[in-house]
Each structure stands twice: as C-alpha cells, then as structure tokens.
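Trainee: Residue numbers (the working numbering): 143 to 412.
First the structure, which I've put down as structure tokens, then a few questions once you've had a look.
Take a look at the structure:
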C-alpha cells in the first residue's frame, strides 16, 4: 500500500487550494485516483507526502446551460459519456472514444478533470474533447475563475503570481455536428499508436470553433493523438517520438491516414 504522511479531505475549494499552496509539505490533488493511487502504491511516485482528496467538493455534475453542457471536474468518465446529451453529441463521438481509455472499472473511477490534467498523449477521449472545442474552467487560491479553451490549456503552467489552481469544470458546446474517428493500434482494444477525431458541421462556422466554410464545404475541427507529448489539433509540424509501437516516421505517415479516414467517417454522417 501507499505510504503517506497526510490525507486531507477538504469540503471547500478554498480549503483545498490552501492545502495545495502550503509548500511545507508535498501534496497532490486526488481526483478519481485512477493513475495516482497506482503510482503511489508501486512507489513510482516517491515525491509525495500527502494527498488532498477532492471528493467532498461537490464537483460531480452534468448540467445544460444554454447551448453548452457543463461537466464537473469530479464527474467520472462513465457518467460523462452516458449522459443523454453528451452520449449523442457529434454522433456519439465521446462514448466511441472513451472505450479506449481503459476497462469499465477504470472509467468508473477516472474523472473528467483528471483526464484533462494528465493529457496523456494517446488519449482518444482527450482528442475528442479537443475536436469539440471544449473549454476548461479553473479556480485559483483567491477564488478567481478562469476559462480557457482546451487547446490553449496547460495545468503545469503556474497561475497568476504562481497561485495554484484546480480544474472545476469543463464546458462542451452542444452544436449540431457529426463526428468521425479513426485509429491505428496493435490490437482492436489496445491504446492507439495514432488516432484522429474530426467534428464536422455543414453550416459554415460553428461554435466548435472551426473556420468558416465556403458554400457546399464542410467546416471541420480535427484532433490527433500519438504524435506529440499530448493530443493536439491538426495543423503545423508534428513532433512524434518513436517507441516500441512505431517509429516517429511511421507515426507521422499514419497520422495522415487516420485524418483522411476520420474525415470520411464524419462526412458520411452529415
């Protein structure tokens, strides 16, 4: 079992942020624990004195507000993708990609906020959230709320004046759209080598943030994973690293293939 000197379960965001800001002890936020608990128990993480459990902060919810779906950071991946609105968003792109995050018991524990904070390079669900133009809401120690688009979000960067911040919510646009998905992996259920997710709308510029399309064309937003340190939007040079699954050159070449397949998949649903 993990050896920790401290365990905290605050009931307010302010208390949680105070604990995380206290540099006299090395503390980490604990969300679903899908990654952190295992790393602590196997001693992969030896730089942690205690955890700040976020379970009592009332951050597990899904609410429609206008044309967006607001998802609390402690909402599990299972609850996220099974909600009636998110399950059908862009042709069901969220449940289609979530199944590759891991087995059901992991998805029952892992949280939306944890997924965003980890930003694993082969996370197809993260790529789907990118393609949907998801926004991320954080709150800092002074109670200041910030909202940034996921493609511009990096939790590793310090907040204003070095203040710690916690992810409290993600916001998904509910615009009508079609979703396409393509992947290459060693086995059908293995974590991907490369994958692409496309969200497409036929009515010009959409709230997903795609460029304005000419008449008869399709406005799309494409996200890739397996081609850099975290999933990213298509466009610009790719920076894949080779490993036992495939070389950098292979990943770059296959990225073009999965983008074409995902675009065709999305177009077939319009």
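Idealized CB from N, CA, C, for every residue including glycine.
Is residue 168 closer than 8 Å to residue 194 when the C-beta atoms are compared?
Mentor: Taking the chain shown and counting its residues from 1, the one referred to as residue 194 is at position 52. Taking the chain shown and counting its residues from 1, the one referred to as residue 168 is at position 26. No; because the gap between Cβ atoms is not below 8 Å, this pair is not in contact.
Trainee: With DSSP as the reference, label residue 149 as helix, strand or coil.
Mentor: Along the chain shown, read from residue 1 onward, the residue named residue 149 stands at position 7. Strand.
Trainee: Which same chain residues end up closer than 6 Å to residue 372 when comparing Cβ atoms and leaving out the 5 residues on each side of it in sequence?
Mentor: Residue mapping note: residue 372 aligns to position 230 of the chain shown, counting from 1. Counting only Cβ-Cβ distances below 6 Å, and skipping sequence neighbours, we find 261 and 263.
Trainee: Where do the N-terminal and C-terminal ends of the alpha helix (DSSP H) with residue 394 fall, by residue?
Mentor: Walking along the chain shown from the start, residue 394 turns up at place 252. Segment 390–409, the alpha helix (DSSP H) holding residue 394.
Trainee: Identify, in the order they occur along the chain, each residue of the same chain with its Cβ nearer than 6 Å to the Cβ of residue 101, setting aside the five sequence neighbours on each side.
Mentor: Only positions 143 to 412 of the chain appear in the structure, and residue 101 is not among them; the question remains open.
Trainee: For residue 223, which residues of its own chain have a beta-carbon under 7 Å away from its beta-carbon, when the five flanking residues on both sides are left out?
Mentor: Locating residue 223 in the chain shown gives position 81, where the first residue counts as 1. Taken in chain order, the residues that qualify are 229, 236, 237 and 240.
Trainee: According to DSSP, is residue 349 part of a helix, a strand, or is it coil?
Mentor: The sequence position of residue 349 within the chain shown is 207, counting from 1. Note that residue 349 has pLDDT 39, beneath the 50 cutoff, so the model's placement of it is unreliable and the number below is only indicative. Note: residue 349 maps to coil in three-state DSSP.
Trainee: Quick check: the stretch 284–300 against the stretch 179–190, are there 3 or more CB pairs under 8 Å?
Mentor: In short, these stretches do not touch, since the Cβ pair count stays below three.
Trainee: Starting from the C-beta of residue 174, find all residues in its chain whose C-beta is less than 8 Å away, skip the five residues before and the five after it, and write them out in chain order.
Mentor: Here residue 174 is taken as the residue at index 32 of the chain shown, counted from 1. Closer than 8 Å at the Cβ level, and outside the excluded window around residue 174, lie 216, 218, 251, 252, 253 and 256.
Trainee: With DSSP as the reference, label residue 270 as helix, strand or coil.
Mentor: Looking up residue 270 in the chain shown gives position 128. Helix.
Trainee: Could you tell me if residue 331 is buried or exposed, where buried requires 16 or more neighbouring beta carbons within 10 angstroms of its beta carbon?
Mentor: Along the chain shown, one-based indexing puts residue 331 at 189. So residue 331 ends up on the exposed side.
Trainee: Which of the three DSSP states is assigned to residue 303 in this structure?
Mentor: Position 161 of the chain shown holds residue 303. With a pLDDT of only 48 at residue 303, under the threshold of 50, the placement of this residue in the model should not be trusted; the figure read from the coordinates follows. Note: residue 303 maps to helix in three-state DSSP.
Trainee: Taking the C-alpha atoms as reference points, what is the distance between residue 403 and residue 289?
Mentor: Position 261 of the chain shown, counting from 1, holds the residue named residue 403. Position 147 of the chain shown, counting from 1, holds the residue named residue 289. Going by the C-alpha atoms only, they are around 32 Å apart.
Trainee: Per the contact definition of three or more C-beta pairs closer than 8 Å, is the stretch 241–248 in contact with the stretch 272–280?
Mentor: No, they do not touch.
Trainee: From the DSSP output, read off the bridge partner residues of residue 309.
Mentor: Position 167 of the chain shown, counted from the start, is the residue given in the question as residue 309. Bridge partners of residue 309: 280.
Trainee: Here's a check: name, in chain order, each residue in its chain whose Cβ is nearer than 6 Å to the Cβ of residue 242, leaving out the five neighbours to either side.
Mentor: By 1-based counting over the chain shown, the position of residue 242 is 100. Same-chain partners within the cutoff: 266.
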